[in-house]
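Numbering (the working numbering), first residue to last: -13 to 56.
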């Protein structure tokens, strides 16, 4: 498979009162994180699904988003 383009766009919702400790009632982390992944290439749908599953099994970033560090 040849990928011509891989683009990951992320957006997060963060209340900045929690980050510097302005408000103890507001968490210091993100309230939500959304992402859009754009892939262009010659891969079939099945190949892209297999790649997605591989990334889910091996990516530290995916792991930390799916199962937050305690």
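A virtual CB, placed ideally from N, CA and C, is assigned to each residue, including glycine.
- DSSP, read as helix, strand or coil, puts residue 56 in coil.
- The beta-carbon separation of residue 18 and residue 38, rounded to 21 Å, does not stay under the 8 Å limit for a contact.
- Between residue 33 and residue -13, the gap from beta carbon to beta carbon is short of 9 Å.
- Following the DSSP letters along the chain, one finds residue 22 inside the beta strand (DSSP E) bounded by residues 18 to 27.
- The beta carbon of residue 1 lies closer than 6 Å to those of 12 in the same chain, with the five residues before and after it left out.
- A check of alpha carbon separations from residue -8 across 49, 56, 31 and 24 identifies 24 as the nearest.
- For residue 32, the enclosing alpha helix (DSSP H) begins and ends at 31 to 44.
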